[in-house]
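Q:
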Amino acid sequence: KAGVTQTPRYLIKTRGQQVTLSCSPISGHRSVSWYQQTPGQGLQFLFEYFSETQRNKGNFPGRFSGRQFSNSRSEMNVSTLELGDSALYLCASSFGYGSPLHFGNGTRLTVT
Amino acid sequence: KQEVTQIPAALSVPEGENLVLNCSFTDSAIYNLQWFRQDPGKGLTSLLLIQSSQREQTSGRLNASLDKSSGRSTLYIAASQPGDSATYLCAVMPGDGGATNKLIFGTGTLLAVQP
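So the protein lines, in turn, are chains A and B. Position in the first sequence counted from 1, then plus 8, gives you my numbering. Position in the second sequence counted from 1, then plus 1, gives you my numbering.
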């Protein structure tokens, strides 16, 4: 069974640009959540989608947004990039509420 | 506001030693607690999940316990091996009735097992 797939693995962007990250969950998983990992703040919850609906959102500015498609694949978008957005962005999928989360290998975003 | 703390921040042990990693959380209203490991540059690998009604879970050489009333969990690793070297993270899922898979993570324990 294929795991969670995140693309691309690495991204380098310039301040002010926007970026889109993609996540394909494990087959059959309908919940997809996104996390930001930085050395200073650790792992922080961004948002979660279930059946194309955002169920919860973390404490991040509106520049961070996401969506989920009917096949459960998800994308997150960051607009007007700032240097502080440099981080490892991790996607996790789950079968349902309270089930174990399975993480992808992440997208490493560097903003210069 | 739920806060999760892990002690120690780093740990170095010789191969073969048994060890305990600690995790504490401030709000006992949790739905479950999960332990993960993270290898450098990689994502998280799920190790164990303990439901709030459970006291412990075991998988191979790993045993995780949960004391919800005191806000503590421990991860016990038996007969450690160099391949166990990684960062270990605990995370709690709030039991606030929100029915979302939001996890609140601790800061992790960096484990090095010396051959």
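We treat Cβ as the ideally placed atom computed from N, Cα and C, and that holds for glycine.
#1: Taking the alpha-carbon positions, what's the P9 of chain B to L49 of chain B distance?
#2: Can you pull the chain A neighbours of Q35 of chain B, defined as C-beta to C-beta under 9 Å?
#3: Taking 8 Å as the CB-CB cut-off, is N85 of chain A touching chain B?
#4: In whole angstroms, what separates the C-alpha of L12 of chain B from that of Q14 of chain A?
#5: Below 8 Å on the Cβ atoms is my contact criterion, and I expect T115 of chain A with Y97 of chain A to pass it. Report the Cβ-Cβ distance as a whole number of Å.
#6: Please classify R17 of chain A: is it buried, with 16 or more other beta-carbons within 10 angstroms of its beta-carbon, or exposed?
#7: Would T28 of chain A be called buried (16 or more neighbouring beta carbons within 10 Å of its own) or exposed?
#8: Unbroken beta strand (DSSP E) runs of length 3 or more, entirely within the region 5–63 of chain B: which are they?
#9: Please confirm whether Y105 of chain A has its beta-carbon closer than 8 Å to some beta-carbon of chain B.
#10: Using a Cβ cut-off of 8 Å, which residues of the region 70–101 of chain B contact any Cβ in chain A, in chain order?
#11: Determine, using beta carbons only, whether Q26 of chain A and S87 of chain A come nearer to each other than 8 Å.
#12: Taking DSSP as the reference, what is the three-state secondary structure of L121 of chain A?
#13: Could you tell me which of B:S81, B:T88, B:E16 sits nearest to P47 of chain A, measuring between CA atoms?
#14: Tell me, please, whether the CB atom of F106 of chain B is closer than 8 Å to any CB atom in chain A?
#15: Enumerate, from N- to C-terminal direction, the unbroken beta strand (DSSP E) stretches of 3 or more residues contained entirely within the region 23–102 of chain A.
#16: If we cut at 8 Å on Cβ distances, does S39 of chain A have a partner in chain B?
#17: On the DSSP bridge list, what partners appear for K103 of chain B?
#18: Pick from A:S107, A:S78, A:L89, A:S35: whose alpha carbon is nearest that of G70 of chain A?
#19: For K10 of chain A and L22 of chain B, I'd like the C-alpha separation in whole angstroms.
#20: Considering just the uninterrupted stretch of the beta strand (DSSP E) at Y105 of chain A, what are its terminal residues?
A: Here's the rundown:
#1: 19 Å
#2: P108, L109
#3: no
#4: 31 Å
#5: 5 Å
#6: exposed
#7: exposed
#8: 5–8, 11–15, 20–26, 31–39, 45–52, 57–60
#9: yes
#10: L90, A92, M94, G99, A100, T101
#11: yes
#12: With chain A covering only 9 through 120, there is no way to say anything about residue 121 of chain A.
#13: B:T88
#14: yes
#15: 27–32, 39–46, 50–58, 61–65, 72–76, 82–86, 95–102
#16: yes
#17: Paired residues: none, contrary to the question.
#18: A:L89
#19: For clarity, residue 10 of chain A is Ala in the given sequence; the question names Lys instead. Near 30 Å, if we compare the C-alpha coordinates of L22 of chain B and A10 of chain A.
#20: Careful: Y105 of chain A lies outside any beta strand (DSSP E) and carries neither H nor E.
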